[in-house]
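First up is the structure itself, then whatever we jot down about it.
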Amino acid sequence: MSTLEIKDLHVSIETEQGTKEILKGVTVTISSGEIHAVMGPNGSGKSTLASTIAGHPRYEVTSGSITLDGQDVLEMDPDERAQAGMFLAMQYPVEVPGVTMTNFLRTAKTAIDGEAPKLRTWTKEVREAMEKLKIDADFASRNVNEGFSGGEKKRVEILQLELFKPKFAVLDETDSGLDIDALRVVSEGVNRAQSENNMGTLLITHYTRILNYIKPDYVHVFVDGRVAEQGGPQLADELEENGYDRFLAAV
Amino acid sequence: MTEQISKTQETLQSTEDPGVIQEVLDNNPEIKSLGNYEYGWSDSDDAGASAKRGVDQAVVEDISGKKDEPEWMLKMRKKGLKYFQRKPTPTWGADVSDIDFDNIKYFVRSTEGQAQTWEDLPEDIRNTYERLGIPEAERDRLVAGVAAQYESEVVYHQIREDLEEQGVIFMDTDTALKEHPEFFEEYFGSVIPVGDNKFAALNTAVWSGGSFVYVPKGVHVEIPLQAYFRINTENMGQFERTLIIADEDSYVHYIEGCTAPIYNTDSLHSAVVEIVAKKNARVRYTTIQNWSNNVYNLVTKRAVVEEGGTMEWIDGNIGSKVTMKYPAVYLTGEHARGETLSVAFAGEGQHQDTGSKMVHMAPNTSSSIVSKSVARSGGRASYRGLVQINENAHNSANSVICDALLVDTISKTDTYPYIDIREDDVTLGHEATVSKVSEDQLFYLMSRGLSETEAMAMIVRGFIEPIARELPMEYALELNSLIELQMEGSVG
Ligand SMILES: Nc1ncnc2c1ncn2[C@@H]1O[C@H](COP(=O)(O)OP(=O)(O)OP(=O)(O)O)[C@@H](O)[C@H]1O
Ligand SMILES: [Mg+2]
Chain A
15 MSTLEIKDLH VSIETEQGTK EILKGVTVTI SSGEIHAVMG PNGSGKSTLA STIAGHPRYE
75 VTSGSITLDG QDVLEMDPDE RAQAGMFLAM QYPVEVPGVT MTNFLRTAKT AIDGEAPKLR
135 TWTKEVREAM EKLKIDADFA SRNVNEGFSG GEKKRVEILQ LELFKPKFAV LDETDSGLDI
195 DALRVVSEGV NRAQSENNMG TLLITHYTRI LNYIKPDYVH VFVDGRVAEQ GGPQLADELE
255 ENGYDRFLAA V
Chain B
-15 MTEQISKTQE TLQSTEDPGV IQEVLDNNPE IKSLGNYEYG WSDSDDAGAS AKRGVDQAVV
45 EDISGKKDEP EWMLKMRKKG LKYFQRKPTP TWGADVSDID FDNIKYFVRS TEGQAQTWED
105 LPEDIRNTYE RLGIPEAERD RLVAGVAAQY ESEVVYHQIR EDLEEQGVIF MDTDTALKEH
165 PEFFEEYFGS VIPVGDNKFA ALNTAVWSGG SFVYVPKGVH VEIPLQAYFR INTENMGQFE
225 RTLIIADEDS YVHYIEGCTA PIYNTDSLHS AVVEIVAKKN ARVRYTTIQN WSNNVYNLVT
285 KRAVVEEGGT MEWIDGNIGS KVTMKYPAVY LTGEHARGET LSVAFAGEGQ HQDTGSKMVH
345 MAPNTSSSIV SKSVARSGGR ASYRGLVQIN ENAHNSANSV ICDALLVDTI SKTDTYPYID
405 IREDDVTLGH EATVSKVSED QLFYLMSRGL SETEAMAMIV RGFIEPIARE LPMEYALELN
465 SLIELQMEGS VG
């Protein structure tokens, strides 16, 4: 049983116009096995939260804390966070030309676990995970994210989620750009990782559709750099119906 | 002028899955030692201690006399010396004004005769080669024949019997001149004339060692021929001379790899490589140079390709202080093809000025140049290329792609593409890109558990992958490890 605790997190970025505060006191606690949905308008800071949790150097934490079972996460480099069992499925996964998926997956798995996976079982594991996510076998020899369609990139993020078996995952709009079948296949992948590894999940989304497949325990309404309201799954339905007006008015 | 030319795939012998290299590394941790060149060691310098510095008529006569050469070769050397003394040091390209030609030893004899087996080699020389991993490579039959060049003379030479049976000649140039003078009378200096440039002239004057290869008509040499070179004498120039003749319909892949230990003062390496690819012959010449960072590496390489023939230069430049090298192909017959794949790494204090030269002298000829460079820690990587299409060389095509990757903000890259087109009916393509390792790329890989160094190395490896895949496995592994080593120095 693990806990990821985000407490009163303030984050700024350097822009050409100077320092800009984007997160203005975010508090969320996620325990193993829990699913937390985060919904909020464009530009409210959801991806900033996700990137900060993963340790992107562009985001400066000015106050507050992130801890994993009491350990100071903010002290860790992104690779150390991954090794500690954290994973970020990115909204915009990056291309790495000249590096095959096969090579990348194995190198990453080795780095995360601290030892190389047994080649034979690993190859099989990768192949099966790809099949389940309906990723064509030839993606193994393609370069990381290079020329992948939007939806393909998202599937490959979830492929990594399944293979790396993190304790906590942040999924940043993994459902955006997925067709109806892909949405189901990807959701099943997340649910598998959830149940097999008792993973804690922070699921950022704009649509309640994915919540039909991945049932959240909590829903956080994210507005202007903070959680405006926290509730159960029914909160998502309310948002679907009424939008963010009620919360925006309060800002 | 952006029309692309499709690569003749059948001419490329590639590793199907580049991930395979990583796979081999993962499964054979011990193999890493094969790839890690040791930079910092050197053997005791008995042979070089007494050699004379500077070059003049007497030095040239002495070299020729010791080698018991025919009169015409001595004449040729003297001519070379004259051109060398007359021609000014080039002021274009990299800065080579610091070379003190009077402080260089032009000829060092390290052992008297030639060894036939490893056991015949002196112990310190054997140590050196064992550190380069050559005996293992031999045992594994990765090499078809090894000409290991130690200082100025080839001291070890072996060729597999089946090659001899096929009539392939592979020996050091000094011996070949004695045993097969007819090739030298016809071809020596025919591809690169004595006075071609200052450094080729110097090489002609004082050359010693190098490889001679002759492949008879129709013979395909299936495994690469390899030679290893090292400079091991302080301030010693190495002036090897290589001549490769591929007769009609033949194929050969020659590989040259270099390492050098580090010394305090600057060394000069100035080789000349002449290649003749006859009708429908195909020659591939692979170089990975990893000279220590005080070596001036000024090399002239040129091939003449006859009708239907193909020349492929694969040129990796990792080490040296300054490299100026532009492998050239003269396409003299119809449907001849030239290809250069070059990769350069410029680190702290290094200037890699590399590229290629393609000269189309007949109709329906084609050529391509792919150049990739990586600059880090204040290094400078320049691409310098010439594409010349002569009158009458109609329906000829060339494509140039040069991509540069900057690892940090203090390093430099530049391109100097020259074209000289004297024919209307041609197809040309030129693409150049400069990219930087992006923060987002690094973050993506680090968020997958890779350290900053590993992430950087992966990005760089990916960048040069199109060239690495063309290398034989053991060289690709070496290159991988070298990249890792280099990135360790540049991150942080
Ligand atoms: N590098 C930057 N320079 C300037 N502004 C930035 C930068 N990065 C983020 N921002 C701003 O920070 C705010 C939060 O961005 P963020 O990407 O976190 O929003 P989001 O909630 O994920 O939005 P979306 O739903 O559209 O993905 C936005 O107003 C964005 O423009
Ligand atoms: Mg976002």
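Residue numbers (this note's numbering), protein chains in the order written: chain A, 15 to 265; chain B, -15 to 476.
Beta carbons are placed, not taken as given, at the ideal position from N, Cα and C, and that holds for glycine.
Residues of the same chain with a CB within less than 6 angstroms of the CB of GLU19 (chain A), apart from the 5 flanking positions on each side, are THR43 and THR81 in chain order.
Distances taken from the Cβ of GLU187 (chain A) to the heavy atoms of ligand 2 include one shorter than 7 angstroms. Bounds of any alpha helix (DSSP H) do not take in ASP22 (chain A); it lies within the beta strand (DSSP E) bounded by 17 to 29. Here MET342 (chain B) is buried, its C-beta having at least 16 other C-beta atoms within 10 Å. For PRO401 (chain B), the beta-bridge partners assigned by DSSP are B:GLY369. Excluding the 5 residues flanking it on each side, SER16 (chain A) has same chain C-beta neighbours closer than 8 angstroms at SER45, SER46, LEU82, ASP83, GLY99, LYS181, PHE182 and GLY214, in chain order. The Cβ-Cβ distance between VAL80 (chain B) and TYR280 (chain B) falls below 8 angstroms.
GLY322 (chain B) is bridged by DSSP to B:MET295 and B:SER351. Residue range 110 to 114 is occupied by the beta strand (DSSP E) that includes PRO111 (chain A). Annotated three-state conformation of TYR459 (chain B) is helix, per DSSP. Note that the region 46 to 61 of chain A touches the region 203 to 213 of chain A; at least 3 beta-carbon pairs, one per stretch, sit closer than 8 angstroms.
Close partners of SER366 (chain B) in chain A (Cβ separation under 9 angstroms) are lacking, with about 22 angstroms as the shortest Cβ gap. Rounded to the nearest angstrom, the Cβ distance from ALA359 (chain B) to LEU390 (chain B) is 6 angstroms, consistent with a contact under 8 angstroms. If you check the CB distance, LYS356 (chain B) and ILE451 (chain B) come in under 8 angstroms. A contact is defined here as three or more CB-CB pairs under 8 angstroms, and the region 429 to 439 of chain B fails this definition with respect to the region 134 to 144 of chain A. The region 165 to 228 of chain A contains, as complete alpha helix (DSSP H) runs of 4+ residues, the segments 194 to 211 (chain order). Proximity of PRO247 (chain A) to chain B, defined by a Cβ-Cβ separation below 8 angstroms, is not satisfied. Any Cβ of chain B closer than 8 angstroms to the Cβ of ALA207 (chain A) would place that residue at the interface, and such an atom is absent. At the C-beta level, ARG225 (chain B) and GLY179 (chain B) stay beyond 8 angstroms of one another. Inter-residue distance for PRO55 (chain A) and GLN31 (chain A) is about 23 angstroms (C-alpha atoms, whole angstroms). Proximity of SER174 (chain B) to chain A, defined by a Cβ-Cβ separation below 8 angstroms, is not satisfied. Taking VAL444 (chain B) as the centre and dropping the five residues before and after it, the same chain places the C-beta of VAL358 and ILE467 closer than 6 angstroms to its C-beta, in chain order.
By the CB criterion at 8 angstroms, THR294 (chain B) and ALA261 (chain B) fall inside the cutoff. Shown here for ILE239 (chain B): same chain residues with a beta carbon closer than 6 angstroms to its own, the five before and five after excluded, namely PRO208, GLN210 and THR270 in chain order. The residue from A:GLU171, A:ARG223, A:GLU176 and A:GLN174 with its alpha-carbon nearest to that of ASP193 (chain A) is A:ARG223. Unbroken alpha helix (DSSP H) stretches of 4 residues or longer found wholly inside the region 162 to 206 of chain B: 165 to 171 and 182 to 190, given in chain order. When distances are taken from the beta-carbon of GLN208 (chain A) to the heavy atoms of ligand 2, even the shortest one reaches 7 angstroms or more. The residues ALA130 and PRO131, in chain order, have a CB closer than 8 angstroms to that of THR124 (chain A) in the same chain once the five nearest residues on each side in sequence are set aside. Taking the CA atoms as reference points, ARG266 (chain B) sits about 22 angstroms from ALA160 (chain B).
Cβ-Cβ separation between PHE172 (chain B) and LEU227 (chain B): approximately 6 angstroms, consistent with a contact (criterion under 8 angstroms). Going by DSSP, GLU258 (chain B) is part of the beta strand (DSSP E) stretching over 256 to 261.
Proximity of the beta carbon of GLN244 (chain A) to ligand 2 is not indicated: no heavy atom of the ligand is located closer than 7 angstroms.
Between THR66 (chain A) and LEU23 (chain A) the beta-carbon gap is near 7 angstroms, inside 8 angstroms, which marks them as a contact. In the DSSP assignment, ILE47 (chain B) falls within the alpha helix (DSSP H) that extends over 41 to 50. The residue from A:PHE162, A:VAL204 and A:ASN157 with its alpha-carbon nearest to that of LEU177 (chain A) is A:VAL204.
In this structure, LYS356 (chain B) has its CB at a distance of at least 7 angstroms from all heavy atoms of ligand 2.
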